[in-house]
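Peer 1: Handing you a structure now.
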Amino acid sequence: MQLPPKVTERAFARLAEINEGREAPQALRVAVEGGGCSGFQYDIKLEEAPAGDDIVLEGAGQKVLIDPVSLPFLENATIDFTEELIGARFVIENPNASSSCGCGVSFAM
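Written out as structure tokens, the structure reads:
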């Protein structure tokens, strides 16, 4: 059995801010795809509804979606939100990654 990633309170709070005032709140989809400068890359986007086989992580009235193909790559990872001088973004802290690129979007296993 694979353990799903954890989502921080800060990430759920930011998603709640994004959805504030929306008639139909959107979920945050976190997926792993082949590509990037290190072999794999994260694809993080907003979606209106989960697919039938998605893992749905819920907190603060918000949803984060993980597809079953991406789940093994994200086992025990942490989905967070950070604000830095260069900008604000959702980030993945992934203990399964053996290396990553400087932008934090691409990684190797």
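Mapping the sequence shown onto the UniProt record's numbering, position 9 (from 1) lands on 9, and the numbers just tick up by one. Glycine included, C-beta positions come from ideal geometry on N, C-alpha and C. Values in this document were obtained by computation on a predicted structure and should not be read as measured data.
Between which residues of its own chain and T78 is the CB-CB distance below 6 angstroms, once the five residues before and five after are set aside?
Peer 2: Counting from one through the sequence shown, the residue named residue 78 turns up at place 78. Closer than 6 angstroms at Cβ, skipping near neighbours: K6, E93.
Peer 1: Using beta-carbon positions only, say whether residue 168 and K45 come within less than 8 angstroms of one another.
Peer 2: With the chain running from 1 to 109 in the structure shown, residue 168 is simply not present.
Peer 1: Mapping DSSP to helix, strand and coil, what is S106?
Peer 2: As a working note, residue 106 is residue 106 in the sequence shown. Since pLDDT at S106 reaches only 49, below the 50 mark, its modelled position is unreliable, and the value read off the structure follows with that caveat. In this structure, S106 counts as strand in the three-state DSSP scheme.
Peer 1: Per DSSP, what kind of secondary structure is R29 in: helix, strand or coil?
Peer 2: As a position in the sequence shown, residue 29 is number 29, starting the count at 1. R29 falls in the strand class under three-state DSSP.
Peer 1: Considering only residues of the UniProt domain "Core" (6 to 104), which uninterrupted alpha helix (DSSP H) runs meet the minimum length of 4 residues and lie entirely inside it, listed in chain order?
Peer 2: Complete alpha helix (DSSP H) runs here, min 4: 9 to 19.
Peer 1: Beta-carbon separation of G59 and F12 under 8 angstroms?
Peer 2: Mapped onto the sequence shown, residue 59 falls at position 59. Mapped onto the sequence shown, residue 12 falls at position 12. Yes.
Peer 1: Short check: CB of V30 to CB of L85, under 8 angstroms?
Peer 2: As a first step, residue 30 must be located in the sequence shown, where it is residue number 30. As a first step, residue 85 must be located in the sequence shown, where it is residue number 85. No, the Cβ-Cβ distance between V30 and L85 is not below 8 angstroms.
Peer 1: For Q26 versus E47, is the C-beta spacing smaller than 8 angstroms?
Peer 2: Against the sequence shown, residue 26 aligns to sequence position 26. Against the sequence shown, residue 47 aligns to sequence position 47. Yes, the pair counts as a contact, with Cβ atoms nearer than the cut-off.
Peer 1: Please identify the residue among G34, P4, T82, L65 whose C-alpha is closest to the C-alpha of G52.
Peer 2: Locating residue 52 in the sequence shown gives position 52, where the first residue counts as 1. Answer by Cα proximity: L65.
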